[in-house]
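Using our numbering, read the sequence shown as starting at 311 and increasing by one per residue. Ideal Cβ placement from N, Cα and C applies to all residues, glycine included. Worksheet for the structure shown next.
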Amino acid sequence: MYRFLLWDIDGTVLNFKAAENLAIKALFKKYNLGDCTDEMIEDYSKINDRYWQALERGEMTKPQILVGRFVEFFESIGVDTEVAEAFNADYQVTLGDFVVFEDNAVEILKEEKEKLNDKGARAYRLIAVTNGTKIAQEKKLKTSGLNEIFDTVYISEDVGIEKPNKGYFDAVIKGEGITDLKETVIIGDSLTSDILGGNNASIDTIWYNPYGKVNDKGVKVTYEIENLSYLREII
């Protein structure tokens, strides 16, 4: 039976794409960059995903990807790239202003928080595991109230290494005092960050896949769910 539940945040608990859309459009207005269409956001999102995957592979540093993605995006739409660094700094803060939950996320987390085992103690320890920037994640967690739900939060900037690296998970396992990996599972939407990370750490994985993506990364998935409510049948 699982005792330690490692939860990814963006794309799993929080609808990152929705917050991303709102934050970027708000900043386009603030910086007088003109209209920002949904199509432009979609193009940015593809660029952003590509940069984060480069970070996960160890090909770029976090500072490089954070500003670099906006430089490439602005170049593609004819915006002066000189604004990229300031725009990114504002973006980290603005992201936390827009909280949109994934379907059933809050209900499931609260159920897990309150569930007791046969001895009357809490059945699960809820652990947030995220590669998001410290400034953005701390604000999101506070604004959303998730800081009151999770027992511990491991932000990669604090850990000093990113998911899916084994070292990140080693730090979580050590920090939580986990001695039996069979009691541990990671719940996340990213094959290349969460699920691969679970593989690297030799723990079970639950791939949250609401959009029916194809597992073309060669990673082992213990369970695949399209709605977080299905977690009730697993843990």
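For residue i, the three-state DSSP class (helix, strand or coil)
i, result
"L332", "helix"
"D428", "coil"
"G498", "strand"
"F383", "helix"
"D514", "strand"
"E448", "helix"
"Y521", "coil"
"D400", "helix"
"T532", "coil"
"T322", "coil"
"T440", "strand"
C-alpha gap between residue i and residue j, whole angstroms
i, j, result
"L506", "D526", "12 Å"
"F411", "V323", "6 Å"
"G321", "G498", "8 Å"
"T494", "C346", "42 Å"
"L337", "N414", "29 Å"
"I516", "L541", "9 Å"
"E417", "N331", "25 Å"
"T502", "P474", "7 Å"
"I351", "I334", "8 Å"
"A394", "Y312", "43 Å"
"A511", "F383", "34 Å"
"D353", "D407", "22 Å"
"L538", "L419", "10 Å"
"T462", "A328", "25 Å"
"I387", "L343", "10 Å"
"T532", "G455", "29 Å"
Beta bridge counterpart(s) of residue i as assigned by DSSP
i, result
"R542", "In DSSP, R542 forms no bridge with anything."
"R435", "F314"
Assumed close pair residue i, residue j - CB separation to whole angstroms, cut-off 8 Å
i, j, result
"W317", "A433", "At roughly 15 Å, the Cβ-Cβ gap does not stay under 8 Å, so W317 and A433 are not in contact."
"G522", "E543", "At roughly 19 Å, the Cβ-Cβ gap does not stay under 8 Å, so G522 and E543 are not in contact."
"L491", "I513", "5 Å"
"L405", "K450", "7 Å"
"I488", "F314", "6 Å"
- Taking the runs of the alpha helix (DSSP H) that are 4 residues or longer, which of them lie wholly in the stretch 331 to 380? 348 to 366
- Query: Unbroken beta strand (DSSP E) runs of length 3 or more, entirely within the stretch 453 to 489: which are they?
  - Reply: 462 to 465
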